[in-house]
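In what follows, a single structure is set out as structure tokens and then discussed.
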Amino acid sequence: MCRERIKKQDQFDNLDKHMQWGIEFVERYNKFVKDRTDIEINYAKQLRNLSKKYQPKKNSREEEEQKFTSCRAFQTLLNEMNDYAGQHEVIAENMSGLIFAELARYIQELKQERKMHFQEGRRAQQHIESCWKQLEASKRRFERDCKEAERAQQHFEKMDADLNVTKADVEKARQQALTRHQMASDSKGEYCSILQSFNKEQHEHYYTNIPNIFQKIQDLDERRIVRIGDSMKTFSEVDRQVIPIIGKCLDGITKAAESIDEKNDTQLVIEAFKSGFEQPGDVEFEDFSQTMKRTVSESSLSSSRPDGKQDSKSGKSKGKLWPFIKKNKLMSLLTSPHQPPPPPPSSSTPSAVPNGPQSPKQQKEPLSHRLNEFMTSKPKIHCFRSLKRGLSLKLGSGPEDFSHLPPEQRRKKLQQKIDEINKEIQKESDQRDALTKMKDVYIKNPQMGDPNSVDPRLAEIGQTIEKLRQESQKFEAWLAEVEGRLPAKTDQGRRQSEMYELQSSAVNNCAQDRESSPDGSYTEEQSQDPQLKVAAQNEFDDEFDDEEVLASIGTCKAMYPFEGQNEGTITIAEGETLSVIEEDKGDGWTRVRRNEDEEGYVPTSYVEVYLDKSVKGAMTYI
Numbered sequence: 003m004c005r006e007r008i009k010k011q012d013q014f015d016n017l018d019k020h021m022q023w024g025i026e027f028v029e030r031y032n033k034f035v036k037d038r039t040d041i042e043i044n045y046a047k048q049l050r051n052l053s054k055k056y057q058p059k060k061n062s063r064e065e066e067e068q069k070f071t072s073c074r075a076f077q078t079l080l081n082e083m084n085d086y087a088g089q090h091e092v093i094a095e096n097m098s099g100l101i102f103a104e105l106a107r108y109i110q111e112l113k114q115e116r117k118m119h120f121q122e123g124r125r126a127q128q129h130i131e132s133c134w135k136q137l138e139a140s141k142r143r144f145e146r147d148c149k150e151a152e153r154a155q156q157h158f159e160k161m162d163a164d165l166n167v168t169k170a171d172v173e174k175a176r177q178q179a180l181t182r183h184q185m186a187s188d189s190k191g192e193y194c195s196i197l198q199s200f201n202k203e204q205h206e207h208y209y210t211n212i213p214n215i216f217q218k219i220q221d222l223d224e225r226r227i228v229r230i231g232d233s234m235k236t237f238s239e240v241d242r243q244v245i246p247i248i249g250k251c252l253d254g255i256t257k258a259a260e261s262i263d264e265k266n267d268t269q270l271v272i273e274a275f276k277s278g279f280e281q282p283g284d285v286e287f288e289d290f291s292q293t294m295k296r297t298v299s300e301s302s303l304s305s306s307r308p309d310g311k312q313d314s315k316s317g318k319s320k321g322k323l324w325p326f327i328k329k330n331k332l333m334s335l336l337t338s339p340h341q342p343p344p345p346p347p348s349s350s351t352p353s354a355v356p357n358g359p360q361s362p363k364q365q366k367e368p369l370s371h372r373l374n375e376f377m378t379s380k381p382k383i384h385c386f387r388s389l390k391r392g393l394s395l396k397l398g399s400g401p402e403d404f405s406h407l408p409p410e411q412r413r414k415k416l417q418q419k420i421d422e423i424n425k426e427i428q429k430e431s432d433q434r435d436a437l438t439k440m441k442d443v444y445i446k447n448p449q450m451g452d453p454n455s456v457d458p459r460l461a462e463i464g465q466t467i468e469k470l471r472q473e474s475q476k477f478e479a480w481l482a483e484v485e486g487r488l489p490a491k492t493d494q495g496r497r498q499s500e501m502y503e504l505q506s507s508a509v510n511n512c513a514q515d516r517e518s519s520p521d522g523s524y525t526e527e528q529s530q531d532p533q534l535k536v537a538a539q540n541e542f543d544d545e546f547d548d549e550e551v552l553a554s555i556g557t558c559k560a561m562y563p564f565e566g567q568n569e570g571t572i573t574i575a576e577g578e579t580l581s582v583i584e585e586d587k588g589d590g591w592t593r594v595r596r597n598e599d600e601e602g603y604v605p606t607s608y609v610e611v612y613l614d615k616s617v618k619g620a621m622t623y624i
């Protein structure tokens, strides 16, 4: 019986340990859900930060890139990723509210109910143990009384058999034996009563109380297991609920990827960077061997071509080689002497003739080398207005008419400017209409306001609209000019192409004549078509009609007379004072001006130059 009771007690303790493990398991699962929630929150946050990081910045080049389908698709992908992150936030929110918080409350309830059931079991166990102890005490007392009654009976019988004992002692022994028998009888009755009570309590304990407690603990454990299963189902349902929306996000990304049109993107690039220039023609062959075939007596272009026929090279067309070269730089390049300057006259060499013919063996610099030197060298800014223009171009603002841009880009910029002005005009017109209606309301209802109070604002808006219209007309005129000059399949476009070809032919003739002349001089062919020359010159002048006259950078005084017989040179007299407009670049020639119309090159050794320090300093700084 005692061993059975101990076994029951051991099983009760094992159940207590199992229930404690069950609660710890629920807590561990709930911590897992909490960690998953944190991961979802951090993942959603990182996705949002990633999407925000690659969003196009305001007022930046990335906003302009949105015209490309690939960039728009990437923008859609970023937006869908942002929505995707939102769904992970929904997962975290649902897991936190539907699983973690509920399990946290359930764990507290589970702990309290387990505690209550095991306390009830412990009380029942303590009660049955108390009954058992009472039964054991009654049993021991009954056993003791029985033994004492038996000893009293034996003592009485001994006394009664002994003849030497008095009758009084025998009677006393008999009374004592009867008393012990009565005590044993009472102990027996008490023991029987307690035993019956214990058996009843024990039966109720093992057949009613303990089974009920175990059943409650079993129900509690089953509810715990069911709750874990329900939580796992909720765990999967939380993910399953957002799968359709995540699928729509992924479908949006796929649709955006399929919307990418490579042809459209490349066409946008073509439209954005199309310059509008005609394609250049073929580069002509420069024959440097012609000088080898000429005789020493052939000193000019006219003597080498007595028939007066135009060179076959000039009839061939060339592409537009220098669309942005300024007129004065190009003309100075073509007219600048390419031979070394003559030495100054001295007594030791009386036979030296100024500007005399040079030796045919002297090496001449080809025109292509001069053009290459010009294209690679930085142009000088000869006046403060040119200085201002150069600084504005360097800062990126450019002229108001966008003349620094290629034709097609200029047309787009002008059209964009016209659209912006039209929007401003529309905005001002809407304000004027609103004020006009307000004035009509004031006129009909003077108590609402003074009609004359609106007139200053209306006048101001009218002036603003007039200024905007003038601006619009100015830009529209520039736009019409650009659209008229854009290369197209029209007579005007062909005419401009022919003008450029004529210019190229003229430059080729210049180069050939310089190389072929022994003294480096340039003589224009008399047989060239004067109409073509005039047309080419007019077209050339139109291209560069906005160029300013070179400013003077100092003065010079002629120390010797000089006969300017070559093309690009000027005749000076001894003691004459001239204006210097371009100093010596290392070739021995200085460019001077006598008046506004007469300028040319003179040998640097023939003049004494006095440069203006302020202008020279400004040029050096630039």
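The sequence shown begins at 3 in this note's numbering and counts up by one. Glycine residues also receive a C-beta, built at the ideal position from the N, C-alpha and C atoms.
Q: Indicate the three-state DSSP secondary structure (helix, strand or coil) for Asn511 in the structure shown.
A: Any reading at Asn511 must be qualified, since the residue scores a pLDDT of 45, below 50, and its modelled position is unreliable; the value itself is stated next. Helix.
(Q) Between the alpha carbons of Val2 and Lys218, how many angstroms are there, rounded? (A) Since the displayed the chain opens at 3 and closes at 624, residue 2 lies outside it and no answer follows.
Q) Counting Cβ pairs, one atom from each stretch, are 3 or more of them under 8 angstroms apart for the region 135-149 and the region 263-276? A) no
Q.
If you reduce the DSSP assignment to three classes, tell me which class Leu79 lands in.
A. helix
Q: Would you kindly work out how many angstroms separate the C-alpha atoms of Glu66 and Ile463, rounded to a whole number?
A: Their backbone Cα atoms lie some 32 angstroms apart in a straight line.
Q. Going by DSSP, what residues sit across from Pro605 in a beta bridge?
A. DSSP output for Pro605 lists Trp591 as bridge partner(s).
Q. With distances taken between CB atoms, is the gap from Pro1 to Ser277 smaller than 8 angstroms?
A. The shown model of the chain, from 3 to 624, leaves out residue 1, and the question about it has no answer.
**Q.** Alpha-carbon to alpha-carbon, Cys251 and Pro58
**A.** Their Cα atoms are separated by approximately 20 angstroms.
**Q.** Reduced DSSP category for Lys414 - H, G, I as helix; E, B as strand; rest coil
**A.** helix
Q: Could you name the residues that DSSP lists as bridge partners for Ala560?
A: Bridge partners of Ala560: Val609.
Q: Tell me Leu580's beta-bridge partners as DSSP assigns them.
A: Cys558
Q. Any idea what DSSP makes of Thr39, helix, strand or coil?
A. helix
Q) Where do the N-terminal and C-terminal ends of the alpha helix (DSSP H) with Asp401 fall, by residue? A) It is worth fixing the name first, because residue 401 is Pro in this sequence and not Asp. That residue, Pro401, is in no alpha helix (DSSP H); it is neither H nor E in DSSP.
Q: Any chance you could list the alpha helix (DSSP H) runs of at least 4 consecutive residues sitting entirely within the region 56-141, in chain order?
A: DSSP runs (the alpha helix (DSSP H)) wholly in the region 56-141: 63-66, 71-96.
Q: Determine, using beta carbons only, whether Arg182 and Glu150 come nearer to each other than 8 angstroms.
A: yes
**Q.** Exposed unless 16 or more other CB atoms sit within 10 angstroms - verdict on Val443
**A.** exposed
Q.
For Ser98, count the other beta carbons within 10 Å of its own beta carbon; 16 or more makes it buried, fewer makes it exposed. Which is it?
A. buried
Q. Do Gly556 and Val582 have their C-beta atoms closer together than 8 angstroms?
A. yes
Q. So what's Ile572 in DSSP terms, helix, strand or just coil?
A. coil
Q: Could you tell me if Arg146 is buried or exposed, where buried requires 16 or more neighbouring beta carbons within 10 angstroms of its beta carbon?
A: exposed
Q. When the Cα atoms are used, what is the spatial distance from Glu224 to Met21?
A. 11 angstroms
Q | Sequence-distant residues of the same chain with beta carbon closer than 7 angstroms to Lys190, five excluded per side | A | In the same chain as Lys190, and ignoring 5 residues on each side of it, the C-beta atoms closer than 7 angstroms to its own belong to Phe144, in chain order.
Q) For Arg596, which three-state DSSP category applies? A) coil
Q: Return yes when the Cβ of Tyr603 is within less than 8 angstroms of the Cβ of Ser577, no when it is not.
A: Per the sequence shown, the amino acid found at residue 577 is Gly instead of Ser. No. Outside cutoff.
Q.
Residues in the same chain with beta-carbon distance under 8 angstroms from Leu105, minus the five sequence neighbours each way, listed in chain order, please.
A. Val28, Tyr31, Asn32, Val35, Arg229, Ser233
Q. Apart from the five residues just before and just after Ser708, which ones in its own chain have a Cβ nearer than 6 angstroms to its Cβ?
A. The structure shown does not extend to residue 708, since the chain spans only 3 to 624, so no value can be given for it.
Q: Apply the 10 Å Cβ neighbour rule to Arg593 and answer buried if 16 or more other Cβ atoms are within range, or exposed otherwise.
A: buried
Q) Can you list the beta strand (DSSP E) stretches of 3 or more residues lying completely in the region 203-291, in chain order? A) none
Q. Taking just the CA atoms, how far does Lys19 sit from Trp134?
A. Cα to Cα, Trp134 sits roughly 26 angstroms from Lys19.
Q.
Relative to the C-alpha of Ile467, which candidate in Met440, Arg412, Asp284, Lys425 has its C-alpha closest?
A. Among Met440, Arg412, Asp284, Lys425, the Cα nearest to that of Ile467 is on Lys425.
Q) To which residues of the same chain is Arg50 closer than 7 angstroms at the C-beta, ignoring the five residues directly before and after it? A) Asn84, Ala87
Q: Ignore the nearest five residues each way along the sequence and tell me which others in Ala157's own chain have a CB closer than 6 angstroms to its CB.
A: It is His, not Ala, that sits at residue 157 in the sequence shown. Around His157: Ala175.
Q | Three-state secondary structure assigned by DSSP to Gly451 | A | Gly451: coil per DSSP, three-state reduction.
Q.
Looking at Ala258: is its Cβ nearer than 8 angstroms to the Cβ of Ala75?
A. yes
Q. Near Asp452, what residues of its chain come up, given a Cβ to Cβ distance below 7 angstroms and the 5 sequence neighbours on each side ignored?
A. Tyr444
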